[in-house]
Amino acid sequence: MRWSQTLIPTMKEIPSDAEVPSHQLMLRAGLIRQLMAGAYTYLPLGYRALRKAEAIVRHEMDQAGAVELFMPALQPIDLFEKTGRKSAFGNVLINFTVQRGDRKVHLALGPTHEEVVTDLMSRLISSYRQLPITVYQIQTKFRNEERPRFGVLRTSEFLMKDAYSFASSLEQLDTAYQKMYNAYVRIFARCGLPVLPVEAESGPIGGDASHEFMIPAANGEDSVVRSTTGAYAANLERAETGRKAPTIETAANAAAMQKVLTPNATSIEAVAKFLKVSPTQLVKTLIYKADDKTVAVLIRGDHEANENKIRRALKAKTVALADTAAIEAVTGAPTGFAGPVGIKCEIIADHDVPLITNAVTGANEADHHLTGVNVGRDYQLATTYDLRNAQAGDPCPRSDGTLEIVHGIEVGHVFKLGTKYSVSLGAEFADEKEQRHPIIMGCYGIGVNRIIAGLAETSHDENGLIWPLSIAPYEVLVIPLNVTEASTMEVAEKFYAEFQAAGLDVLMDDRDARPGFKFKDADLIGIPLRVIIGGKGLKEGQVEVKWRTGTENVKVPVGDAIQTVIQMIAERKASDAAKVPQ
RNA sequence: CGGGAUGUAGCUCAGCUUGGCUAGAGCGCCUGGUUUGGGACCAGGAAGUCGCAGGUUCGAAUCCUGUCAUCCCGACCA
195 MRWSQTLIPT MKEIPSDAEV PSHQLMLRAG LIRQLMAGAY TYLPLGYRAL RKAEAIVRHE
255 MDQAGAVELF MPALQPIDLF EKTGRKSAFG NVLINFTVQR GDRKVHLALG PTHEEVVTDL
315 MSRLISSYRQ LPITVYQIQT KFRNEERPRF GVLRTSEFLM KDAYSFASSL EQLDTAYQKM
375 YNAYVRIFAR CGLPVLPVEA ESGPIGGDAS HEFMIPAANG EDSVVRSTTG AYAANLERAE
435 TGRKAPTIET AANAAAMQKV LTPNATSIEA VAKFLKVSPT QLVKTLIYKA DDKTVAVLIR
495 GDHEANENKI RRALKAKTVA LADTAAIEAV TGAPTGFAGP VGIKCEIIAD HDVPLITNAV
555 TGANEADHHL TGVNVGRDYQ LATTYDLRNA QAGDPCPRSD GTLEIVHGIE VGHVFKLGTK
615 YSVSLGAEFA DEKEQRHPII MGCYGIGVNR IIAGLAETSH DENGLIWPLS IAPYEVLVIP
675 LNVTEASTME VAEKFYAEFQ AAGLDVLMDD RDARPGFKFK DADLIGIPLR VIIGGKGLKE
735 GQVEVKWRTG TENVKVPVGD AIQTVIQMIA ERKASDAAKV PQ
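Numbering (our numbering), first residue to last: 195 to 776.
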């Protein structure tokens, strides 16, 4: 492609609306333009990169034995009503009614395709002999994000590769899951993305039933916990603290319990400040409604409760903070003064709570707290649980390392669904004894746009983008320094034609602009290999070749240059491919 | 949905506090010329419903009210 004949609107200045690096660079390099919050046009350069990512995803899905199909984005709302996800998605699900003749039809724009694919397979699968099978598509998804942000990282319309596996046994599901997991590792490696697979909230099957693939990045929306030894990585929602259940006994130096006046001190900070003690000395007593039961959850003052962990510890379906009436019913006091001593409900505690000697807790009485509270003497615990979010410095649950917290961009997710959708949509198969069972499913998503945005976010320098060869919109950029010089253009045109003939993706900057201007744009759009033709070099019979990441220009005789460039690209491809795990 | 900020030319911004003639600059764009190895220079030129609506006023980019949009923080995120 000739630069003058395509549309690459580079910008010298940073658009004021863009804050994160990927957004700034993708705008400046002419990859995207915004239509509205959360909706972006992919300009020619951006679309080429997106399609390259798409091609890698498609190739690896095919290699993993998944079969491609294409489902409608437009979906009937009743499928979502059957699975309960109309209310689960709430406002995120874009849905509306349209008039068809004399009736109204209620439609949704697919935020994902579990319903559609399960409905489809329920009609197509009848026997265990047809299983297992994995299908996938690459398609635009729609979600009415409450707050689209970070440019292209979080949008209301995005390209997703979604795959769904259908199995007749847990063993088949495990195999399908592992194939997808391995394919994901290869996909991100081929895209040049340093992803971290982390354990994620896993839903009904439990165990290692869900992994997210995270790009470590300062602007990532997810918090990821990882061990310094590399033995463990998990989403903060999921991460174990690595703490063990302590022996529950009253400390030898337990002080007497005292009731103290703490007017209007209802928060941990206020109480700590008022009594001049560290928040680590306090016990937070959170009153939860677990299904229909009211429960007091004890967490150390400086820790954050994790509702998923609480729900699992209580074996409840749902947990939510209790309302004021329920709190007053068990504490006999207004909100903010709950404590374990004398409370009228079940108590569960985090591992770190009984370790606090002479704790400060609420007194279950307005404007009062207790000091010198000790487990075993003042309140009783049978056991303790992991109920809080992990923190930096916690021990690693799998090794002798410690945990640290990093931010990450979620670019992929693999998930063992189980039978949630097949049960609600009646997708069943008959086994060899003609017994009917719900099909066991898995789902596997990749945000294709996030591959591009993630690269822009993490692979750049002060001059612009740095694309890996596999995703770069063009592999080679030919720069004739002066397009008004016939001798320069003769060489440039020959190179351009020969590179194309050799199957390289080549862009030629044929604009009548000064060299410095072209170099700045070249750095900005980040094409991996640059061939510079003109000036003194050409008089000496040489052209210059430079990697975007390199510091040195390599001078090559004009006659050898075509072969040299073709070879450099081939070698880089080979060395990139060698880094991809089998 | 709660909090904060911003809307003036394609982009970055000034002008607004204290209302006053034809609304400015840099970059970009067009024409001509000189230039040509890290975002050139000279001369000329085009381009703006000052987000939108209403109000106050002799007079509004500027003051008031409403509204829309965008960005950031938080809540939310199968």
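Even glycine gets a Cβ: it sits at the ideal position worked out from N, Cα and C.
query: At what residues does the beta strand (DSSP E) containing glycine 636 begin and finish?
result: 634-641
message: Measuring straight from C-alpha to C-alpha, what distance separates tryptophan 661 and leucine 221?
response: 15 angstroms
query: From asparagine 657 to isoleucine 640, what does the alpha carbon distance come to, in whole angstroms?
result: 29 angstroms
query: Is it a yes or a no for the segment 534-542 touching the segment 569-576, going by three-plus beta-carbon pairs under 8 angstroms?
result: yes
Distance between alanine 586 and arginine 432 (C-alpha atoms, nearest Å): 14 angstroms
- prompt: Looking only at its own chain, which residues have a Cβ that is under 6 angstroms from the Cβ of alanine 231, when we skip the five neighbours before and after it?
  reply: Pro342
Selection from Val261, Lys355 and Gly345 that minimises the alpha carbon distance to glycine 648: Gly345
field: Buried/exposed call for glycine 735, threshold 16 Cβ in 10 Å
entry: exposed
message: Tell me the DSSP secondary structure of isoleucine 542 in three-state form.
response: strand
message: Need the endpoints of the alpha helix (DSSP H) that tyrosine 378 sits in, please.
response: 364-384
message: Report the CB separation of leucine 564 from methionine 451 in whole angstroms; it is logged as a contact under 8 angstroms.
response: 6 angstroms
query: Between the Cα of glutamine 776 and the Cα atoms of Ala707, Tyr378 and Pro266, which residue gives the shortest distance?
result: Tyr378
- prompt: Should glycine 720 and leucine 675 be called a contact, given that it needs their Cβ atoms to be closer than 9 angstroms?
  reply: no
- request: Give the straight-line distance between the Cα atoms of aspartate 517 and serine 216, rounded to the nearest whole angstrom.
  value: 42 angstroms
Alpha carbon of alanine 459 to alpha carbon of proline 410, nearest angstrom: 39 angstroms
query: Given 8 angstroms as the limit, is there contact between the segment 295-312 and the segment 267-286, that is, 3 or more CB pairs closer than that?
result: yes
- request: Could you have a look at glutamate 275 and say whether DSSP puts it in helix, strand or coil?
  value: helix
message: Taking the beta strand (DSSP E) that lysine 767 belongs to, which residues open and close that run?
response: From DSSP, lysine 767 is part of no beta strand (DSSP E) but of the alpha helix (DSSP H) over 752-772.
- request: Using three-state DSSP, classify tyrosine 482 as helix, strand or coil.
  value: strand
Cutoff 6 angstroms; reference serine 316; Cβ partners in own chain excluding five residues on either side: Leu619, Gly620 and Ala621
message: Distance check for valine 491 and leucine 508, CA to CA, integer angstroms please.
response: 10 angstroms
message: Do alanine 584 and glycine 436 have their beta-carbon atoms positioned less than 9 angstroms apart in this structure?
response: yes
query: Along the chain, where does the alpha helix (DSSP H) that runs through methionine 255 open and close?
result: 238-257
- prompt: What is the rounded straight-line gap between the Cα of leucine 229 and the Cα of glycine 240?
  reply: 15 angstroms
- prompt: leucine 701 lies in the beta strand (DSSP E); which residues open and close that run?
  reply: 700-702
- prompt: Would proline 457 be called buried (16 or more neighbouring beta carbons within 10 Å of its own) or exposed?
  reply: exposed
Own chain residues within Cβ distance below 6 angstroms of arginine 766, not counting five before or after: Leu663
query: Can you check whether the CB of threonine 334 is closer than 9 angstroms to the CB of alanine 267?
result: yes
message: Tell me which residues share the same chain as asparagine 500 and place their Cβ nearer than 6 angstroms to its Cβ, disregarding the 5 neighbours each side in the sequence.
response: Arg582 and Asn583
message: With a threshold of 7 angstroms on Cβ separation, who are the neighbours of alanine 445 within its own chain once the five nearest residues in sequence on each side are excluded?
response: Thr551 and Asn568
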